[in-house]
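Okay, structure first, notes after.
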Amino acid sequence: MTDPMTVRGMQATSRRRLLSLGCAGGMMGLMGMPGVAQAAESKGGPVPGMKNVMDFGARGEGSTDDTAAFQRALDATHAAGGGTVYAPPGKYLFRGTLDVPEGVALRGSYLCVPSHAGLRDKGQAKPGDDGTALFVTNGRGQEDGKSFLTLNSNSSVNGLTIFYPEQDAESVPVAYPWTIAMRGKNPAVQDVELLNPYLGIDASQNERHNIRNVTGQPLRRGIWVDAIYDIGRIENVHFNPWWNSHSKAYRWQTENGEAFVFGRSDWEYVFNTFCFGYHVGYKFVETSTGGCNGNYVGIGADDCNRAILVEQCAPYGLLIVNGEFTSFHGEDPTMVEVLASNRGVLRISNSAFWGPCQQIAKVGGSGTVGFSDCTFVQWSKEGEHAAIQASSGSLLVQGCEFLERKQHIALGEDVDRAVISGNLFAGPAQIQNASKHDVQIGLNAASS
């Protein structure tokens, strides 16, 4: 006996199949009829609904200017209510600038942060060999010009490499405008390689910027943060000389480059960042909008003349923890320098300082600087210098270890307050105290 449910299911299936065949046949008939247009096949993207720049006229062969095609795709996506514009693997030339509208993402082929050392190291991949690469020539010689790519509220750029093919490694770098400008609310840069820009990311005048998984070798400045009144985030950034490390341009970078520069930012969160071969690794300045406060976790600066330079910071402070810092090139290499202009608070905890530098820290200004649970080694590479020299302000050194039998701490007569306690010293403690104010030194231990 046949189950009625089975019969009904077979009938329904048969009807659906007949309707499907009928529709297919009808469509085939229509497609063959004169006067019925056949749409060109869309290339689409890796996810349904993405618009492909190739459908808007992009070539991706490195010689045709693809600026207008990309902008058409971005504008069409915005007009449709937002979405993603996909640029498949290729070399895209840009003689103009791009504006990524609100709610639009520009996406390349990478799902990880790329890096290309092939221009430096023979046999490795070059930009454009494997994935989406934007070759930028716009703005040559115009440092104050319009940024190559501007992000707006809820827009992003992801999964691609940006390369400046006309930048010559054997010459002093030519100035270009910022590669990416982040504006509006919630702009994001993720999984992007900035291989050799003069200026990397301008993360100012926005709210809640998100910079994550960025590599490259910005030459003059890497990331600039200012006029931020709602928390910005910078995570997993690695600036390393993949483009060139033995050239006139690189030597210029070590004398002039600044990897991370922070002006006014309320609660900047910085996590797992690194830079190599700059004059200054992390610089804190005061602008017309104010200074910076925030927390910096797992940050590093290698082979920088100044790993950390504080001109000014907010009174509620910069909090740096789990850092690793070395300084050994250029004149008077110093790990941390706090200038006389500073009125704010700097706290550094559980961090390591090494490399053949002159000094670990030079402290000035009227603010407070504190080191806790830090390790200090390899200072005073030429002459006699204290690891930590404070000329003014307030100083805290607690629970740290000094691994050299050299001068450890020197306090100038204008130091207002200092507490030096619970530290370990190699050999007898060498502390010079010329302060005329309240200084507390005690409970330290020294090796024989």
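Mind the numbering: the sequence shown is residues -39 to -1, 1 to 409 in mature numbering (1 follows the signal peptide of the UniProt record, and there is no 0), read in order. C-beta: ideal position from N, C-alpha, C; glycine also.
Reducing DSSP to helix, strand and coil, say where F237 ends up.
-> strand
Among V135, G145, A149, nearest to Q214 - alpha-carbon criterion | V135
Check the C-beta distance from L270 over to V241 and give it rounded, since I have them as a contact under 8 Å.
-> Yes, L270 and V241 are in contact; Cβ-Cβ is about 5 Å, under 8 Å.
Can you give the Cα-Cα distance for R144 and D60, rounded to whole angstroms?
-> 11 Å
Report yes if the C-beta distance between residue 474 and L67 is below 8 Å; otherwise report no.
-> Beyond the ends of the chain as shown, which are -39 and 409, falls residue 474; an answer cannot be given.
Any idea what DSSP makes of F55, helix, strand or coil?
-> strand
At least 3 beta-carbon pairs within less than 8 Å: the region 73 to 86 vs the region 24 to 41 | no
Between P62 and the rest of its own chain, which residues show a CB-CB distance below 7 Å, the 5 nearest in sequence each way excluded?
-> L35, D36, H39, N113, S116
Endpoints, the beta strand (DSSP E) within which C39 is located = It is His, not Cys, that sits at residue 39 in the sequence shown. Under the DSSP assignment, H39 falls outside any beta strand (DSSP E), being part of the alpha helix (DSSP H) whose first and last residues are 28 to 40.
Spatial neighbours of R169 within its chain, please: CB distance less than 7 Å, with the 5 preceding and 5 following residues excluded, ordered by chain position.
-> K146, N147, D191, I192, G193
Residue from E272, G43, H346, P138 with nearest C-alpha to D105 = P138
Can you give, in chain order, each stretch of the beta strand (DSSP E) that sits fully within the region 268 to 320 and has at least 3 residues?
-> Counting only runs of 3 or more, we get 279 to 282, 285 to 287, 295 to 299, 306 to 310, 313 to 315.
Where D152 falls, given that 16 or more other Cβ within 10 Å makes a residue buried | buried
Inter-residue spacing [alpha-carbon to alpha-carbon] between I309 and V282 | 6 Å
N311 burial status per 10 Å Cβ neighbour count (16 or more: buried) | exposed
At which residues does the beta strand (DSSP E) containing E219 begin and terminate?
-> 219 to 223
Three-state class that DSSP yields for D82 in the structure shown | coil
With 16 other CB atoms within 10 Å as the buried threshold, where does F267 fall?
-> One point to set straight first is that residue 267 is Arg, not Phe, in the sequence displayed. Result: buried.
Exposure of A406, with buried meaning 16 or more beta-carbon neighbours within 10 Å = exposed
So, helix, strand or coil for M(-12), using DSSP?
-> Its pLDDT being 36, under 50, M(-12) is placed unreliably in this model, and the value from its coordinates should be taken loosely. Three-state DSSP puts M(-12) in a helix.
Can you give me the Cβ contacts of G223 inside the same chain, cut-off strictly under 6 Å, excluding the 5 residues immediately before and after it?
-> One point to set straight first is that residue 223 is Phe, not Gly, in the sequence displayed. V186, F245, C253, listed in sequence order.
Can you tell me which of the three DSSP states W340 falls into?
-> coil
For T176, does the three-state DSSP call read helix, strand or coil?
-> strand
Which residues DSSP lists as bridging L357, in chain order | Note: L357 is bridge-paired with G331, V380 in the DSSP secondary-structure output.
State the Cα-Cα distance for the pair G51 and G21, rounded to the nearest angstrom.
-> 5 Å
Status (buried if at least 16 other CB within 10 Å, exposed otherwise) for D82 | exposed
Whose C-alpha, out of Y53, F55, R56, P9, is nearest the C-alpha of G44?
-> If you compare the alpha carbons of Y53, F55, R56, P9 with that of G44, the shortest gap goes to P9.
Pick from N167, I172, K323, L155: whose alpha carbon is nearest that of A181?
-> The sequence as given places Arg at residue 181; Ala does not occur at that position. The option with the nearest alpha carbon to R181 is L155.
Return helix, strand or coil for V14, following the three-state DSSP convention.
-> helix
Given M15, which residues of its chain have a CB within under 6 Å of its CB, disregarding the five upstream and five downstream residues?
-> K4
Using 10 angstroms around the beta-carbon of Q128, count the other beta-carbons present and answer buried if the total reaches 16, otherwise exposed.
-> buried
In whole angstroms, what separates the C-alpha of L157 from that of G183?
-> Correcting the residue identity first, residue 157 is Asn in this sequence and not Leu. About 10 Å.
Tell me the DSSP bridge mates of K323?
-> E298, Q350
Span separating the alpha-carbon of R56 from that of N99 | About 5 Å.
Whole-angstrom distance between W228 and N174, CA atom to CA atom | 20 Å
Measure the alpha-carbon distance for L110 versus D377 and round it to whole angstroms.
-> 48 Å
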